[in-house]
Amino acid sequence: NGKKIIITIDGYSSCGKSTLAKQLAKQLGYLFIDSGAMYRAITFYFLQNRVDWNDEDAVAAALQNIKLSFIFNEATGKADIYLNEENVEPYIRDLIVAEKVSEVAAIGAVREFAVAQQQEMGIQKGIVMDGRDIGTVVFPAAELKIFMTADPDVRVQRRFKELYEKDQHITIEEVRKNLELRDYIDTNREISPLKKADDAIVLDNSQLTLEEQFELVMQWVKDATN
Ligand code: CDP
Ligand code: CDP
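UniProt numbering puts the first residue of the sequence shown at 4, with every later residue one more than the last.
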């Protein structure tokens, strides 16, 4: 199967989108782009530079000063995001950013900025991109669209475990609140809300191991590339 396709993975926070995307990209020799990292990096910039994101002119001016790029990291097997030539991966997953990112990602100018760059990265095909609006807005013609979901308690436990490894002060309640808040804002915003594309396949992985999930999805990839 030589045909290169575009695979989109959308869904709620912490259901394993990036993990699956990374596995697929490795197996298929595709580029993996974590679109959420772009919204997180923009939010990080706004926080660091005290940009008032309720002010349209301030947002427009700030976006002019932001250059995002992805550089593959051999050690992690995924691309790190660079904000104005600085690798900001170490900072963008923190709760300080997570608490504001959905607010920033709801802004039209921010989405236009990010989506234009995402679409450019897909021109060559051979790409797996995960996010919220990838199958609906960024690549509506993608050959394989996956909509991921998992039980909210399972998602909280998964994200808590990841964050706790970095910071032992974090509590389950903080993580739960953040996931609920982001899912609420992401599904209810006016522009490009999180929703399943009509032609997306639903993957509920609450009860699936990473191996089981991968096997299932690789079958879908075969079907889509044949
Ligand atoms: O990894 P996690 O599920 O926690 O979130 P993420 O994929 O890093 O995305 C962080 C936030 O960015 C989301 O909660 C959305 O508010 C926003 N986002 C978006 O609006 N559109 C995308 N395509 C990707 C992320
Ligand atoms: O990208 P998203 O926010 O959707 O999730 P993630 O960053 O991939 O994190 C999901 C976490 O759940 C990771 O620690 C995975 O190892 C774990 N997990 C999974 O992704 N899929 C399963 N079927 C089981 C666990």
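Ideal Cβ positions, reconstructed from N, Cα and C, are used throughout, including at glycine.
Return the bridge partner residues of K148 from the DSSP annotation.
-> When DSSP reads this structure, K148 sits in a beta bridge with T11.
Assumed close pair A40, L34 - CB separation to whole angstroms, cut-off 8 Å = The Cβ separation is near 14 Å, so there is no contact.
How many angstroms separate the CA atom of A203 from the CA atom of W223?
-> Spanning the two alpha carbons is a distance of roughly 11 Å.
Limits of the beta strand (DSSP E) - the one that K81 falls within | Annotation: the continuous beta strand (DSSP E) that includes K81 extends over K81 to L86.
Examine ligand 1 and report whether any of its heavy atoms sits within less than 6 Å of the Cβ of R185.
-> A heavy atom of ligand 1 is found nearer than 6 Å to the CB of R185.
For R43 versus V118, is the C-beta distance shorter than 7 Å?
-> No, the pair does not count as a contact, with Cβ atoms beyond the cut-off.
beta-carbon R161 near ligand 2 non-hydrogen atom, thresh 6 Å | True, at least one ligand heavy atom lies under 6 Å from that Cβ.
Within the chosen definition, does the region 172-182 reach the region 147-164 through at least 3 CB pairs nearer than 8 Å?
-> Between the region 172-182 and the region 147-164 there are three or more inter-stretch CB-CB distances shorter than 8 Å, so the stretches are counted as touching.
To the nearest angstrom, how far is it from the Cα of E165 to the Cα of I110?
-> Going from the Cα of E165 to the Cα of I110 covers about 28 Å.
Does DSSP classify D207 as helix, strand or coil?
-> D207: strand per DSSP, three-state reduction.
Of all the beta strand (DSSP E) runs that stay within the bounds of the region 177-224, which reach a length of 3 or more residues?
-> Correct list: 204-207.
Candidates E89, S72 and E88: closest to A82 by CA position = Just measuring C-alpha positions, the residue of E89, S72 and E88 sitting nearest A82 is S72.
Measure the beta-carbon distance from S21 to D133 and round it to whole angstroms, keeping in mind my assumption that it falls under 8 Å.
-> Right, their Cβ atoms sit about 6 Å apart.
Touching or not, the region 195-210 and the region 140-153, by the rule of three or more beta carbon pairs under 8 Å?
-> They touch, by the three-pair rule.
Same chain, Cβ closer than 7 Å to I175, five either side skipped, listed in chain order | Sequence-distant partners of I175 (beyond 5 residues in either direction) whose C-beta falls short of 7 Å from its own C-beta, in its chain, are V159 and F163.
What runs of the alpha helix (DSSP H), each 4 residues or longer, lie entirely inside the region 15-65?
-> If you keep only unbroken alpha helix (DSSP H) runs of at least 4 residues inside the region 15-65, you get 20-31 and 38-51.
Does the separation of the CB atoms of A200 and T139 fall below 7 Å?
-> Going by beta carbons, A200 and T139 fall inside the 7 Å limit.
Would you call the CB atoms of Y48 and L23 closer than 7 Å?
-> With respect to L23, Y48 sits apart: the two C-beta atoms are not nearer than 7 Å.
Within 7 Å, strictly: CB atoms of V141 and Q121 = Yes; because the gap between Cβ atoms is below 7 Å, this pair is in contact.
Roughly how many angstroms lie between the CA atoms of V62 and D55, to the nearest whole one?
-> The C-alpha of V62 lies about 7 Å from the C-alpha of D55.
Provide the residue span of the beta strand (DSSP E) that contains F75, from first to last.
-> Membership of F75 in the beta strand (DSSP E) is indicated by the continuous run L71 to N76.
How about I194 and R114: do their beta carbons lie closer than 7 Å?
-> A contact, by the Cβ cut-off of 7 Å.
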